[in-house]
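Novice:
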Amino acid sequence: MTIIEDNPELAALLKSFFEKHGFLVNTIYSGSSGLEYVLLHQPDFVLLDLMLPEVDGFEVCRALQNKYFGKVIILTASNDDIDEITLLEMGADDFIQKPVNPRIILARFRKLLRLAQGVESKRKLDHILNVGPFKFNLLTRVVSQSDIKLEMSDSEFDLFYFLASHVDSIISRDDISRQLYGREFDGLDRTIDNKIMKIRKVIGDNIPYRHLITVRGKGYIIVNSKETECC
178 MTIIEDNPEL AALLKSFFEK HGFLVNTIYS GSSGLEYVLL HQPDFVLLDL MLPEVDGFEV
238 CRALQNKYFG KVIILTASND DIDEITLLEM GADDFIQKPV NPRIILARFR KLLRLAQGVE
298 SKRKLDHILN VGPFKFNLLT RVVSQSDIKL EMSDSEFDLF YFLASHVDSI ISRDDISRQL
358 YGREFDGLDR TIDNKIMKIR KVIGDNIPYR HLITVRGKGY IIVNSKETEC C
């Protein structure tokens with residue numbers, strides 16, 4: 178955490194409090210020095226006083242916009258809504274009215290941390306697809322089967338994921354060709370069939386197929402079950 182506050186007594190009080198709660202704290206007494214430090218070191222949290230010498234909190238917040246990726250809480254003696262709106266638009270995350278209660282600041286930081294962790298968890302989950310025993314990770318482009326990583330080429334992963342994202346639905350060769358290759362299926366190209374064979378080999382799906390099933394004259398279907406078998 179970095180505390181940018183020109184009152185040495187208040188800065189020392191806050192530093193002592195947050196260090197007792199497990200934070201590594203750096204205190205800076207001017208806006209220009211604080212701005213330089215934050216951009217260089219990217220601390221997790223910044224506690225920023227609005228009224229600072231040289232460069233005030235408004236200028237610091239504006240300069241940090243799109244360049245600093247942690248959380249900023251503003252310390253202010255002002256109750257002006259316009260100031261708060263302006264600072265929120267510049268990227269401030271919260272406000273604390275002076276005189277400050279360190280416990281309130283700690284609670285606000287913890288709330289911001291929980292929210293950030295929740296967003297990150299959701300972002301990661303948005304890139305995960307679970308179908309039967311298979312788990313697809315779009316960020317790493319890795320598919321695992323019963324928690325065992327499978328070795329697939331990029332094109333095999335793309336095909337397998339496309340089918341899995343339409344689980345329990347029959348997907349025609351024409352649908353696959355248009356979606357993955359940008360062209361219509363001509364009825365002769367065996368590229369898709371060959372990749373299906375390779376995918377089945379990788380996942381150990383032998384006759385009678387249990388996971389990746391051919392529907393004669395229609396296409397392919399992935400069944401969302403560890404137990405399903407098809408003759």
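The sequence shown stops at residue 408 when you use this note's numbering, and every number in between is there. C-beta atoms are modelled at their ideal positions from N, C-alpha and C, and glycine is treated no differently. In this text, all values refer to a predicted model and were calculated from it rather than measured experimentally.
(1) As a quick exercise: from S255, N256, D257 and C238, pick the residue whose alpha carbon is nearest that of K248.
(2) Report the option in P310, A269 and S255 whose CA atom is closest to the CA atom of K244.
(3) Specify, as a first and last residue, the run of the alpha helix (DSSP H) that K375 falls within.
(4) Roughly how many whole angstroms lie between the Cα atoms of G211 and F246?
(5) Over what stretch of residues does the beta strand (DSSP E) that includes F272 continue unbroken?
(6) Could you name the residues of the same chain whose beta carbon sits closer than 8 Å to that of L283, not counting the 5 residues immediately before and after it, in chain order?
(7) Expressed to the nearest angstrom, what Euclidean distance is found between the alpha-carbon atoms of L217 and I181?
(8) Taking DSSP as the reference, what is the three-state secondary structure of E236?
(9) Looking at the structure shown, is D345 part of a helix, part of a strand, or coil, going by DSSP?
(10) Measuring CB atoms only, is the region 366 to 377 touching the region 315 to 325, in the sense that at least three cross pairs come out at less than 8 Å?
(11) Would a C-beta distance cut-off of 8 Å place V319 and F311 closer than the cut-off?
(12) Quick check on the burial criterion: 16 or more other C-beta atoms within 10 angstroms. Buried or exposed for H304?
(13) Where in the region 242 to 291 do unbroken runs of the beta strand (DSSP E), each at least 3 residues long, occur, reported from the N-terminal end onward?
(14) Check each candidate in N184, H388, Y338 and N371 and name the one with the smallest Cα separation from K275.
(15) How big is the Cα-Cα spacing for L225 and I250?
(16) Sorted by chain position, which residues of the same chain lie with C-beta nearer than 7 Å to A189's C-beta, five sequence neighbours on each side aside?
(17) So, F222 versus M267, is the Cβ gap smaller than 8 Å?
(18) By Cβ distance below 7 Å, which residues in the same chain neighbour Q219 in space, the five residues on each side in sequence not counted?
(19) Work out the CA separation of D382 and L315 for me, nearest whole Å.
(20) Let me make sure I understand the geometry here. Which of F339, I380, G359 and V379 has the alpha-carbon closest to that of G396?
(21) Could you check where the beta strand (DSSP E) with G396 kicks off and where it finishes?
(22) Can you tell which of L227, V202 and L201 has its C-alpha closest to the C-alpha of S209?
(23) Given E404, which residues of its chain have a CB within under 7 Å of its CB, disregarding the five upstream and five downstream residues?
(24) Taking DSSP as the reference, what is the three-state secondary structure of R350?
Specialist: In this structure, then:
(1) C238
(2) A269
(3) T368 to I380
(4) 15 Å
(5) D271 to Q274
(6) F194, F195 and H198
(7) 15 Å
(8) helix
(9) coil
(10) no
(11) no
(12) exposed
(13) 248 to 253 and 271 to 274
(14) N184
(15) 6 Å
(16) none
(17) no
(18) Y245, F246 and G247
(19) 23 Å
(20) F339
(21) G396 to I399
(22) L227
(23) Reliability fails at E404, whose pLDDT of 43 lies under 50, so the model's placement of it is uncertain and no value is given.
(24) helix
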